[in-house]
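Every letter in the sequence shown is one number past the one before it in this note's numbering, and letter 149, counting from 1, is 156. By construction, the Cβ of each residue, glycine as well, lies at the ideal position given by its N, Cα and C atoms. Only a predicted model underlies this, so the values are computations on that prediction, with no experimental measurement involved. Below is one structure, written out as structure tokens; comments come after it.
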Amino acid sequence: MKEEINPYQPPLTDPIAFLPPGQSQLHRSGNVLIIPRGSEKDMPTTLCIKCGEPSVKIVRKTFAWYSPWVYLALLVNIIVFAILAAVIGKKMIIPCGLCERHARRRFTGILLCTLGLLGGIGALIGGIATEEPMIGGAGMVLLLAAIIVGITLTSLLRPVRIDELRGQFKGLGDLFLSQFPTQTL
Ligand SMILES: [Zn+2]
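This is the structure in structure tokens:
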């Protein structure tokens with residue numbers, strides 16, 4: 008029996024999946040880049056995600072996103088949060104191209120963050136051992152600074168939402184984003 012096809016019926020699945028093969032399914036909505044699952048490989052890596060200059064380095068990074076209510080678990084217990092986040096968290100691995108300037112910036116960020124964390128922990132332990140609150144306090148400040156520097160200098164993409172169908176990311180430069188077609192969510 009021949010199956011009848013109604014050309015007027017709305018697509019049964021995600022409409023993005025109906026784009027012609029070979030055409031990148033990545034698109035943007037404002038300053039958000041939308042990457043359908045399975046299209047991670049289509050992410051252009053020849054240009055820097057931050058400034059659009061030619062890239063010299065590709066970082067394959069796993070991005071995770073948790074439904075906002077998972078953070079409520081933090082009120083209960085950090086271990087409950089960690090378990091929930093691991094079970095319900097949605098992940099995507101995205102290759103990110105970086106130009107020389109942004110690759111160096113990221114390297115500096117990782118270095119400063121590592122040194123700051125080590126120095127901070129050292130000062131905290133030193134402060135406790137010597138019972139000097141000033142040293143302990145300095146350690147706390149150093150730890151906080153290391154985290155802020157780490158986040159500011161090393162961030163690649165910022166996941167707005169990741170689900171079963173696609174990931175939505177912010178934190179990309181305008182020039183890099185301008186190569187993608189605009190589509191409303
Ligand atoms: Zn760059």
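May I ask which residues mark the beginning and end of the beta strand (DSSP E) holding residue i?
{"i": "M141", "result": "Segment 140 to 161 is the alpha helix (DSSP H) holding M141; no beta strand (DSSP E) there."}
{"i": "I42", "result": "39 to 43"}
{"i": "G174", "result": "173 to 177"}
Sorted by chain position, which residues of the same chain lie with C-beta nearer than 8 Å to residue i's C-beta, five sequence neighbours on each side aside?
{"i": "V77", "result": "F88, L91, A92, I95, G96"}
{"i": "A136", "result": "none"}
{"i": "V156", "result": "G116, L119, C120, G123"}
{"i": "P100", "result": "This sequence places Ile at residue 100; Pro is not what is there. The residues are E47, R67, K68, T69, F70."}
What first and last residue would you give for the alpha helix (DSSP H) that runs through residue i?
{"i": "G133", "result": "107 to 137"}
{"i": "F183", "result": "181 to 184"}
{"i": "I85", "result": "85 to 95"}
When DSSP labels each residue in this structure, what does residue i get in the three-state scheme?
{"i": "V77", "result": "helix"}
{"i": "L164", "result": "coil"}
{"i": "L54", "result": "strand"}
Short of 6 Å in beta carbon distance, which residues of its chain neighbour residue i, apart from the five on each side in sequence? Order them along the chain.
{"i": "C193", "result": "Because the chain here runs from 8 to 192, residue 193 falls outside it and cannot be looked at."}
{"i": "P102", "result": "M50, T52, I65, R67"}
{"i": "G146", "result": "G127, A130, L131, G134"}
{"i": "L184", "result": "R35"}
{"i": "T189", "result": "R35"}
Nearer than 7 Å: is that true of the beta carbon of residue i relative to any heavy atom of ligand 2?
{"i": "L164", "result": "In the structure shown, ligand 2 is absent; the only ligands present are ligand 1."}
Nearest by alpha-carbon distance to residue i: which of the options is it?
{"i": "K199", "options": "Q190, L33, V39", "result": "With the chain covering only 8 through 192, there is no way to say anything about residue 199."}
{"i": "R112", "options": "T159, R168, G174, I86", "result": "T159"}
{"i": "K57", "options": "Q175, A80, R165", "result": "R165"}
{"i": "L150", "options": "Q190, L163, L125, T189", "result": "L125"}
{"i": "P43", "options": "L179, D181, G174", "result": "G174"}
{"i": "A114", "options": "I85, N84, G143, S162", "result": "It is worth fixing the name first, because residue 114 is Phe in this sequence and not Ala. Comparing Cα-Cα distances from F114 to each of I85, N84, G143, S162, the minimum goes to S162."}
{"i": "G45", "options": "K98, L179, A80, I85", "result": "K98"}
Looking at chain B, is there any beta carbon in it that lies within less than 8 Å of the beta carbon of residue i?
{"i": "Q190", "result": "Included in the structure is just one protein chain, with no chain B present."}
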